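Visitor: Questions regarding the structure given below will be posed in turn.
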Amino acid sequence: MIEVSHIKKKYGKKQILQDISFQVRCGECVAVVGKNGCGKSTLLQIMAGILKADGGNIRYFGQDTRKNKKIFRKYCGYVPQENPLMEELSVKDNLKLWGAGKNASSEKVIQQFQLEEILPVPVEKLSGGMKRRLSIACALLEWPPILLLDEPTTAIDIYYQENVRQWMGEYRKMNGIIVMTTHDEKEILTADRCLVMNDGKMLELDGDDIRMQKIRSYIAAP
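See the structure below:
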């Protein structure tokens with residue numbers, strides 16, 4: 124279970140996150156939406172242990188991340204919006220770098236994301252969509268119980284978008300927790316819950332019939 128309590132973050136004089144609190148249960152997928160610059164990526168970076176919050180706390184399965192920073196690594200797989208891969212290395216070497224040699228599930232992950240044929244290819248020669256698939260595969264290699272995905276299907280073509288969404292459904296069936304930022308309506312509607320970021324604050328919207336109409340007003344460009 125994820126417990127996010129009263130998280131705050133400021134850049135200079137600008138308050139990006141104000142008293143953000145929510146919980147996510149095992150097997151849930153939560154979509155975090157909002158306009159560009161509203162703090163979605165900052166929130167995920169704090170949840171992944173990349174950034175330090177100015178206030179508040181995060182607990183993963185009851186464990187206080189303030190007391191042990193290794194908890195982030197133990198429980199979280201994180202896919203940032205920007206490309207985290209080593210461009211000069213091959214797909215296979217990137218997988219090794221992220222821990223494929225240590226985990227028996229690596230072959231399953233490679234097959235799931237259809238990476239077999241590109242294993243020897245340098246990452247710099249891959250398309251944006253292929254890099255995105257590889258990034259998600261790398262985050263999943265050690266089979267963490269929590270996945271933090273920042274715009275997971277950005278630059279991926281329609282076929283592989285469906286592949287990624289299918290995999291996300293299977294992951295949730297195994298009690299995995301997904302927290303993702305997204306502008307994709309299909310992803311928002313397939314999530315269990317939708318949390319909207321607006322002016323550094325968060326609110327939750329319920330009801331599929333009215334949800335998308337309200338969400339569009341929050342994610343539309345200013």
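Here the sequence shown stands for residues 124 to 345, where the numbers follow the numbering used here. Built from N, CA and C at the ideal position, the CB exists for glycine as well. Since the structure is predicted, the reported quantities are computational estimates derived from the model, not experimental observations.
#1: Assuming GLY200 is part of the beta strand (DSSP E), what are its boundary residues?
#2: Out of curiosity, what's the CA-to-CA distance linking GLY172 and VAL156?
#3: Which residue's Cα is closest to the Cα of ILE297: PRO267, SER229, ILE342, ILE143?
#4: Who does LYS137 pair with in a DSSP beta bridge?
#5: Cβ of PRO267 versus every heavy atom of the ligand FMN: is any distance shorter than 8 Å?
#6: Just verifying my parser: in three-state terms, what is the DSSP assignment at MET325?
#7: Looking only at C-alpha atoms, which of ARG316, ASN217, THR304 sits nearest to ILE342?
#8: If we ignore side chains and look at the alpha-carbon of each, how far apart do ASN206 and LYS133 end up?
#9: Measure the Cβ-Cβ separation of ARG288 and LYS254 and say whether it is below 9 Å.
#10: Just mark GLY294 as buried or exposed, buried being the case when its beta carbon has 16 or more other beta carbons within 10 Å.
#11: Could you give the first and the last residue of the continuous alpha helix (DSSP H) run that contains ILE311?
#12: Could you have a look at ALA227 and say whether DSSP puts it in helix, strand or coil?
#13: If you compare alpha carbons, which of GLU285, ILE194, ASP273 is closest to PHE236?
#14: From ALA73 to SER250, what does the alpha carbon distance come to, in whole angstroms?
#15: Taking 9 Å as the cut-off, decide whether the C-beta atoms of THR313 and GLY292 are in contact.
#16: With three or more beta-carbon pairs closer than 8 Å as the criterion, would you say the segment 316–328 touches the segment 139–147?
#17: Taking the CB atoms as reference points, tell me whether VAL302 and LEU270 lie closer together than 9 Å.
#18: Assign ILE338 to buried or exposed, taking buried as 16 or more other Cβ atoms, counted over all protein chains shown, within 10 Å of its Cβ.
#19: CA-CA distance, GLU265 and ILE241?
#20: Confirm, please, whether the CB-CB distance from SER164 to GLN204 is below 9 Å.
#21: Going by DSSP in three states, SER340 sits in which element: helix, strand or coil?
#22: With 16 as the cutoff for other CB atoms within 10 Å, does GLN351 come out buried or exposed?
#23: If you scan the segment 235–289 from start to end, which runs of the alpha helix (DSSP H) of 4 or more residues do you find wholly inside it?
Guide: So, to answer that:
#1: As a working mapping, residue 200 is identified with position 77 in the sequence shown. Element bounds for GLY200: 199–202.
#2: Against the sequence shown, residue 172 aligns to sequence position 49. Against the sequence shown, residue 156 aligns to sequence position 33. One C-alpha to the other measures close to 20 Å.
#3: One-based indexing of the sequence shown puts residue 297 at position 174. The residue you asked about is not Ile; residue 297 is Met in the sequence shown. Of the candidates PRO267, SER229, ILE342, ILE143, the one whose C-alpha sits nearest the C-alpha of MET297 is PRO267.
#4: One-based indexing of the sequence shown puts residue 137 at position 14. Its beta-bridge partners are TYR134.
#5: Absence of the ligand FMN from the depicted structure is noted, as is the absence of any ligand whatsoever, leaving it without description.
#6: One-based indexing of the sequence shown puts residue 325 at position 202. DSSP places MET325 in strand when its eight states are reduced to three.
#7: Taking the first residue of the sequence shown as 1, we reach residue 342 at position 219. Comparing Cα positions, the closest option is THR304.
#8: Sequence index remark: in the sequence shown, residue 206 carries index 83 (1-based). Sequence index remark: in the sequence shown, residue 133 carries index 10 (1-based). Roughly 25 Å separates the two Cα atoms.
#9: Working through the sequence shown from its first residue, we reach residue 288 at position 165. Working through the sequence shown from its first residue, we reach residue 254 at position 131. For ARG288 and LYS254, no; Cβs fall outside 9 Å.
#10: Looking up residue 294 in the sequence shown gives position 171. The sequence given here places Tyr at residue 294; Gly does not occur at that position. Counting Cβ neighbours within 10 Å, TYR294 comes out buried, since at least 16 surround it.
#11: In the sequence shown, the residue the question calls residue 311 occupies position 188. 308–313 is the span of the alpha helix (DSSP H), which, as asked, contains ILE311.
#12: The residue given as residue 227 occupies position 104 in the sequence shown. Its pLDDT being 48, under 50, ALA227 is placed unreliably in this model, and the value from its coordinates should be taken loosely. In the structure shown, ALA227 sits in coil (DSSP, three-state: anything other than H, G, I, E or B).
#13: As a position in the sequence shown, residue 236 is number 113, starting the count at 1. Per the Cα distances, GLU285.
#14: Residue 73 lies beyond the residue range present for the chain, which begins at 124 and ends at 345; the question has no answer from this structure.
#15: Translated into the one-based positions of the sequence shown, residue 313 becomes position 190. Translated into the one-based positions of the sequence shown, residue 292 becomes position 169. The answer is yes: Cβ separation under 9 Å.
#16: yes
#17: Taking the first residue of the sequence shown as 1, we reach residue 302 at position 179. Taking the first residue of the sequence shown as 1, we reach residue 270 at position 147. Taking 9 Å as the Cβ cut-off, VAL302 and LEU270 qualify as a contacting pair.
#18: As a first step, residue 338 must be located in the sequence shown, where it is residue number 215. Classification for ILE338: buried.
#19: Position 142 of the sequence shown, counting from 1, holds the residue named residue 265. Position 118 of the sequence shown, counting from 1, holds the residue named residue 241. Each residue's Cα considered, the two are about 21 Å apart.
#20: Translated into positions along the sequence shown, residue 204 becomes position 81. Translated into positions along the sequence shown, residue 164 becomes position 41. Yes, they are a contact pair.
#21: Reading the sequence shown from its first residue, position 217 is the one you call residue 340. Three-state DSSP puts SER340 in a helix.
#22: Residue 351 falls outside the range modelled here, since the chain spans only 124 to 345, and no answer is possible.
#23: Within the segment 235–289, the complete alpha helix (DSSP H) runs of at least 4 residues are 251–263.
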